[in-house]
Amino acid sequence: MESNIKDQVLFATPKNEEERAFVAGACVRKLGIKFPAVLDQFGNSTEQAYTGWPDRIYLIDQNGRVTYKSKPGPFGFKADELAKALATLNLSTAAKTQTAQIDPRP
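To get our numbering, take the position in the sequence shown, counting from 1, and add 619.
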């Protein structure tokens, strides 16, 4: 893509786990990604389990449940949808925390 050339994030396909980690780290740095990024195993087991290609955004709650799954990217991702899902999750978490704090039961 033209934007990859502009952002200098063009790499040959990694041939092993070490090369893949290098490319991922370079992309995180060069693209200024601020949120935690995780790297799938070289065999792409997570991608296969969650249908991660083309790219998708998942929001996972504190219980490990998927609460938001974007449409396939890069054009299926809608920032406003994720923002709403995050707000809903934050409200739910805050309500549970508040209830736990005022619950007189042991």
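By construction, the Cβ of each residue, glycine as well, lies at the ideal position given by its N, Cα and C atoms.
For residue i and residue j, I'd like the C-alpha separation in whole angstroms.
| i | j | result |
| --- | --- | --- |
| residue 696 | residue 673 | 11 angstroms |
| residue 645 | residue 702 | 27 angstroms |
| residue 631 | residue 663 | 17 angstroms |
| residue 653 | residue 647 | 8 angstroms |
| residue 629 | residue 699 | 29 angstroms |
| residue 637 | residue 643 | 10 angstroms |
| residue 625 | residue 651 | 14 angstroms |
| residue 621 | residue 710 | 40 angstroms |
Please look up how many angstroms separate the CB atoms of residue i and residue j, rounded, as I've assumed it's under 8 angstroms.
| i | j | result |
| --- | --- | --- |
| residue 658 | residue 639 | 7 angstroms |
| residue 661 | residue 635 | 7 angstroms |
| residue 687 | residue 678 | 4 angstroms |
Between which two residues does the beta strand (DSSP E) holding residue i run?
| i | result |
| --- | --- |
| residue 685 | 685–688 |
| residue 679 | 677–679 |
Could you give the residue range of the alpha helix (DSSP H) that holds residue i?
| i | result |
| --- | --- |
| residue 650 | 636–650 |
| residue 624 | 621–625 |
| residue 665 | 664–669 |
Considering Cα atoms alone, identify which of the options is closest to residue i.
| i | options | result |
| --- | --- | --- |
| residue 682 | 690, 689, 691 and 712 | 712 |
| residue 684 | 649, 704, 656 and 641 | 704 |
| residue 706 | 666, 626 and 680 | 680 |
| residue 633 | 691, 651 and 641 | 641 |
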